[in-house]
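Enquirer: For the protein sequence lines, the chains are H and B, in the order given. Quick note: the first sequence, position 113, residue 113 per the working numbering, numbers continuous. Quick note: the second sequence, position 429, residue 429 per the working numbering, numbers continuous. Questions regarding the structure given below will be posed in turn.
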Amino acid sequence: MKKGDAFTVKELPQDLRESLPAVYVDDLLVSLKYFIDEKQSHLKIKDHAVCARCQYKPCLDFCPVSVYTLGHDGKIQVAYQACVECGSCRVGCPYQNIEWTLPRGGFGVAYKFG
Amino acid sequence: MSNNDGKIRFDAIVVGAGLAGSAAAIVMARAGLNVALIERGQKAGAKNYFGGAIYTHAIGEVLPDYMDRRPPFERPVTEAGFWMLSKDGALTRLTVQGGKLASQPADAYMTSRALFDAWWAEQAQQAGALLIPKTTVLDVIRDGSGQVIGVTTDRAQGDVYAPVVIVCEGVNNLLTQKLGLIDHDLEPTHIALAFKQVIALPMDTIHARFGLSDDQQGIAASVLGDVSLGLPGMGFVYTNKTSISVGLGMMLDAVIEYRLKPYEVLQRYLRHPAIAPLVKGGQLLEYGAHLIPEGGYRDMPRLYTGGAMVAGDAASMVNALHWEGTNMAIIAGKVAAETAIEAHKRGDFSSATLAQYEECLKERFILQDMKQYRNFARFLETHPAFMDTYPSFINEALEQFFSAYGQPKKQLFKNIMGSLTSRRQFLKAVGDLLSMGRAVMGW
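Rendered as structure tokens:
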């Protein structure tokens, strides 16, 4: 996978793309238990100007719990409360533009099954 | 646990109460060491995740009487193998059951990590280790010579000291990087993103749908074919007592580059004509996602430095082909603990003493397997056909073989060859097999 400005996307064959059903991710998130840190986010965008320059914004798709969404102002919004701390964005952001830390002790996702 | 300089001191610190961490804590505490087992979750297991099934040989090596301690096992794995899905809904099962898989206790049991890891950490507590939950380790503390002598945590006055620290922090290897044992993040090309749903079903329904006679029978299947959109990846199905665990792992770079939403890929898989009847009417108990470090031997960090060792996912101890990792984590945790015990005997925690950890892992299957499979991660990258093209071919070949078309059989074998060569040139297929042999045998 190429990083930075060299990052580029690939296309699935159209029939496969169309075979993907739309999913309302909140229907999945209600199954998860969280201890939400109301005081601080453990995820931060380092520099929004970098996101503005990022052509494909893959974080909007690949995050398995859809933490990253595009706000009305065109800025990436971070719903850290939904994060399951998998680390995909930490290594997957093509610009390494996400400051990823562990939630404070006791906070974040608490899997019931895992 | 503290002495007159006011510092909190232990004989050993373990970071992370997962499979490796609690194994290390059990072994050290049983040898009489004062052990701090630091866990960032509300309780042990809160952050941990797998398919999955766990192997008993490793648990038994740490706690020979584990069965008497009532581990929260679900069903034993009495049937295991591959399922191959085709696009038109066909399913080929290549599974083994009975024989060795019927032995008691079983080689592997389905379980939930949130429950199993809590039990596993409890065994460490019973052995005398102090479990410190809700505490995130931020960094290591070194003395003037660079020797690791403790960790800083996010608790007030949260510095904890010990002459040896065993880092079992999991796939997000932040401390391992701070220790200087590896100088980079793992690449998305070498990491699988796994995501699954745990789906509740009545026990009788599970028995009927999976052909099981009681709750002492269970299936663990790796699912190939029309699962991961022709991209490197693999599905899985595990049967618990009153739920099933269905999900898939895909290489993270493919998820990113193809702009896939993991939950959509999972939903597509759950709607496959061969999978949908298995999950029908079930209730979602939990969705989740986790990374698996599948880069293998070449992605492993250095395993020790003065005063510290690293074990489990943090050290990329995963054999992607055989779905092993939990067993390596447990045994690596145990071996690291034995090394720490020896270091205490010698009163020497230098890297020269801790080198014993790596030497012992070389004697075991862990480093031997990791080394033998060192090319396997790259092999899958370059040969996605094994997860998609060939499974769909096998489906079609078997369909043709077992259908009566009213045609001469000469035509049948031509057709079967045709369904292979329409997918992949014959010579390329032979080449694929040879490279697979090389990747697996480590030639």
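All C-beta atoms, glycine included, are put in the ideal place defined by N, C-alpha and C.
#1: Can you pull out the residues from the segment 189–203 of chain B whose beta carbon lies closer than 8 Å to at least one beta carbon of chain H?
#2: Could you pull the DSSP bridge partners for aspartate 510 of chain B from this structure?
#3: For asparagine 319 of chain B, does the three-state DSSP call read helix, strand or coil?
#4: Can you check whether the CB of alanine 194 of chain B is closer than 8 Å to the CB of threonine 242 of chain B?
#5: By a C-beta neighbour count over all protein chains shown, 10 Å radius and 16 as the cutoff for buried, is valine 9 of chain H buried or exposed?
#6: For leucine 43 of chain H, count neighbouring C-beta atoms within 10 Å of its own C-beta (all shown protein chains included) and say buried if the count is 16 or more, exposed if not.
#7: For isoleucine 331 of chain B, I'd like the list of residues in its chain whose CB is within less than 7 Å of its CB, leaving aside the five on either flank, ordered along the chain.
#8: Taking the alpha-carbon of tyrosine 66 of chain B as reference, which of B:Ala31, B:Ala329, B:Ala23 and B:Phe402 has the nearest alpha-carbon?
#9: Can you grab the Cα-Cα spacing for the pair methionine 309 of chain B / leucine 354 of chain B, in whole Å?
#10: Compare the C-beta of arginine 90 of chain H against all C-beta atoms of chain B and say whether one is closer than 8 Å.
#11: Counting pairs of Cβ atoms below 8 Å between the segment 161–178 of chain B and the segment 144–153 of chain B, do you hit three or more?
#12: What residue does the beta strand (DSSP E) around isoleucine 450 of chain B start on, and which one ends it?
#13: Among the candidates B:Ser435, B:Tyr287, B:Ala124 and B:Asn395, whose CA atom is the shortest distance from the CA of isoleucine 416 of chain B?
#14: In the segment 309–357 of chain B, which residue ranges form an unbroken alpha helix (DSSP H) of at least 4 residues, counting only runs that do not cross its ends?
#15: Whose CA, out of B:Gln104, B:Leu37, B:Ile26 and B:Ala36, lies closest to the CA of threonine 56 of chain B?
#16: Below 8 Å on the Cβ atoms is my guess for valine 246 of chain B versus leucine 270 of chain B; work out the distance and round it to an integer in Å.
#17: Using the Cβ count rule (16 or more neighbours within 10 Å means buried), how would you classify phenylalanine 50 of chain B?
#18: Establish whether the CB of aspartate 61 of chain H and some CB of chain B are separated by less than 8 Å.
#19: Tell me which residue opens and which closes the alpha helix (DSSP H) that threonine 95 of chain B is part of.
#20: What does alanine 79 of chain H touch in chain B if you count any residue whose Cβ is under 9 Å from its own?
#21: Under 7 Å from any heavy atom of the ligand COA, does the C-beta of glutamate 38 of chain H make it?
#22: Taking the CB atoms as reference points, tell me whether lysine 46 of chain H and glutamate 99 of chain H lie closer together than 8 Å.
#23: With 8 Å as the threshold, decide whether the Cβ of isoleucine 59 of chain B is near any Cβ in chain H.
#24: Alpha carbons only, please: which of B:Gln372, B:Leu252 and B:Ala336 is nearest the one belonging to phenylalanine 62 of chain H?
#25: With three or more beta-carbon pairs closer than 8 Å as the criterion, would you say the segment 382–399 of chain B touches the segment 338–348 of chain B?
#26: Pop quiz: alanine 439 of chain B and phenylalanine 349 of chain B are said to be a contact at Cβ under 8 Å. What is the actual Cβ separation, rounded to whole angstroms?
#27: For the alpha helix (DSSP H) holding glutamine 123 of chain B, just list the boundary residues, first then last.
#28: Within its chain, find whatever has a CB closer than 6 Å to the CB of glycine 71 of chain H; leave out the 5 residues flanking it on each side and keep chain order.
#29: Can you grab the Cα-Cα spacing for the pair alanine 106 of chain B / leucine 179 of chain B, in whole Å?
#30: Do isoleucine 191 of chain B and isoleucine 292 of chain B come within 8 Å of each other at the CB atom, strictly closer than that value?
#31: For tyrosine 109 of chain B, which option in B:Gln157, B:Met84 and B:Ala221 has the closest C-alpha, if you only look at C-alpha atoms?
#32: List, in chain order, every chain H residue whose beta-carbon is nearer than 7 Å to that of valine 255 of chain B.
#33: Smallest Cα separation from glutamate 169 of chain B: which of H:Leu102, H:Tyr95, H:Ala110 and H:Val109?
#34: With DSSP run on the structure shown, which of helix, strand or coil describes glutamate 99 of chain H?
#35: Grab me the residues of proline 21 of chain H's own chain with a C-beta within less than 8 Å of its C-beta, minus the 5 sequence neighbours each way, in chain order.
#36: Is the beta carbon of leucine 85 of chain B less than 8 Å from the beta carbon of valine 279 of chain B?
Expert: Looking at the coordinates:
#1: Thr189, Ile191, Leu193, Phe195, Gln197 and Val198
#2: Nothing in the structure corresponds to residue 510 of chain B, since chain B is present only between 1 and 443.
#3: Taking the first residue of the second sequence as position 1, residue 319 of chain B is located at position 319. Asparagine 319 of chain B falls in the strand class under three-state DSSP.
#4: Here residue 242 of chain B refers to the residue found at position 242 of the second sequence. Here residue 194 of chain B refers to the residue found at position 194 of the second sequence. No, the Cβ-Cβ distance between threonine 242 of chain B and alanine 194 of chain B is not below 8 Å.
#5: Locating residue 9 of chain H in the first sequence gives position 9, where the first residue counts as 1. Per the 10 Å Cβ criterion, exposed.
#6: Here residue 43 of chain H refers to the residue found at position 43 when the first sequence is read from its first residue. Result: buried.
#7: In the second sequence, residue 331 of chain B corresponds to position 331, counting from 1. Hits under 7 Å: Ala58, Glu61, Arg364 and Ile366.
#8: For this step, residue 66 of chain B is matched to residue 66 along the second sequence. Tyrosine 66 of chain B has its Cα closest to that of B:Ala23, out of B:Ala31, B:Ala329, B:Ala23 and B:Phe402.
#9: Counting from 1 along the second sequence, the entry for residue 309 of chain B is found at position 309. Counting from 1 along the second sequence, the entry for residue 354 of chain B is found at position 354. So the alpha carbons of these two residues sit roughly 7 Å apart.
#10: Residue numbering aside, residue 90 of chain H sits at position 90 when the first sequence is read from its first letter. It does; some Cβ of chain B falls within 8 Å.
#11: yes
#12: Since the first and last residues shown for chain B are 1 and 443, residue 450 of chain B lies out of range.
#13: For the purposes of this step, residue 416 of chain B is taken as the residue at position 416 of the second sequence. Considering only alpha carbons, the answer is B:Asn395.
#14: 326–346
#15: The count along the second sequence starts at 1 and reaches residue 56 of chain B at position 56. Of B:Gln104, B:Leu37, B:Ile26 and B:Ala36, the residue nearest in Cα terms is B:Gln104.
#16: Here residue 246 of chain B is taken as the residue at index 246 of the second sequence, counted from 1. Here residue 270 of chain B is taken as the residue at index 270 of the second sequence, counted from 1. Sure, about 6 Å apart at Cβ, within 8 Å.
#17: Position 50 of the second sequence, counted from the first residue, corresponds to residue 50 of chain B. Phenylalanine 50 of chain B should be labelled buried.
#18: Your numbering for residue 61 of chain H matches position 61 in the first sequence. Chain B contact via Cβ: present.
#19: One-based indexing of the second sequence puts residue 95 of chain B at position 95. Following the DSSP letters along the chain, one finds threonine 95 of chain B in no alpha helix (DSSP H) but inside the beta strand (DSSP E) bounded by residues 91–97.
#20: Stepping through the first sequence from its first residue, residue 79 of chain H is reached at position 79. Going along chain B, no residue has its Cβ under 9 Å from alanine 79 of chain H, so there is no contact; the nearest lies around 15 Å.
#21: Among the components modelled here there is no ligand, and therefore nothing to report on the ligand COA.
#22: Position 46 of the first sequence, counted from the start, is the residue given in the question as residue 46 of chain H. Position 99 of the first sequence, counted from the start, is the residue given in the question as residue 99 of chain H. Cβ distance < 8 Å, so lysine 46 of chain H and glutamate 99 of chain H count as in contact.
#23: Taking the second sequence and counting its residues from 1, one reaches residue 59 of chain B at position 59. With 8 Å as the cut-off, isoleucine 59 of chain B does not count as an interface residue toward chain H.
#24: The count along the first sequence starts at 1 and reaches residue 62 of chain H at position 62. Looking at the Cα atoms, B:Leu252 is the closest of the given residues.
#25: As far as the Cβ criterion goes, the segment 382–399 of chain B does not touch the segment 338–348 of chain B, which means the pair count is below three.
#26: Here residue 439 of chain B is taken as the residue at index 439 of the second sequence, counted from 1. Here residue 349 of chain B is taken as the residue at index 349 of the second sequence, counted from 1. Not confirmed; about 38 Å, so no contact.
#27: The residue you call residue 123 of chain B lines up with position 123 of the second sequence. Taken as a continuous stretch (DSSP letters only), the alpha helix (DSSP H) holding glutamine 123 of chain B covers 113–127.
#28: One-based indexing of the first sequence puts residue 71 of chain H at position 71. Apart from sequence neighbours up to five positions away, the residues of its chain that approach glycine 71 of chain H with a beta-carbon distance below 6 Å are Gln77, ordered along the chain.
#29: In the second sequence, counting from the first residue as 1, residue 106 of chain B sits at position 106. In the second sequence, counting from the first residue as 1, residue 179 of chain B sits at position 179. Spanning the alpha carbons of alanine 106 of chain B and leucine 179 of chain B requires a straight line of approximately 38 Å.
#30: In the second sequence, counting from the first residue as 1, residue 292 of chain B sits at position 292. In the second sequence, counting from the first residue as 1, residue 191 of chain B sits at position 191. The answer is yes: Cβ separation under 8 Å.
#31: Counted from its first residue, the second sequence places residue 109 of chain B at position 109. Closest by alpha carbon: B:Ala221.
#32: On the second sequence, residue 255 of chain B is found 255 positions in, with the first residue counted as 1. Per Cβ cutoff of 7 Å: Phe62.
#33: Indexing the second sequence from 1 puts residue 169 of chain B at position 169. The shortest C-alpha separation from glutamate 169 of chain B is found at H:Leu102.
#34: Here residue 99 of chain H refers to the residue found at position 99 when the first sequence is read from its first residue. Of the three classes helix, strand and coil, the one that applies to glutamate 99 of chain H here is strand, per DSSP.
#35: Translated into the one-based positions of the first sequence, residue 21 of chain H becomes position 21. Once the five neighbours on either side are set aside, proline 21 of chain H has no close Cβ partner at all.
#36: As a first step, residue 85 of chain B must be located in the second sequence, where it is residue number 85. As a first step, residue 279 of chain B must be located in the second sequence, where it is residue number 279. Contact flag unset, no.
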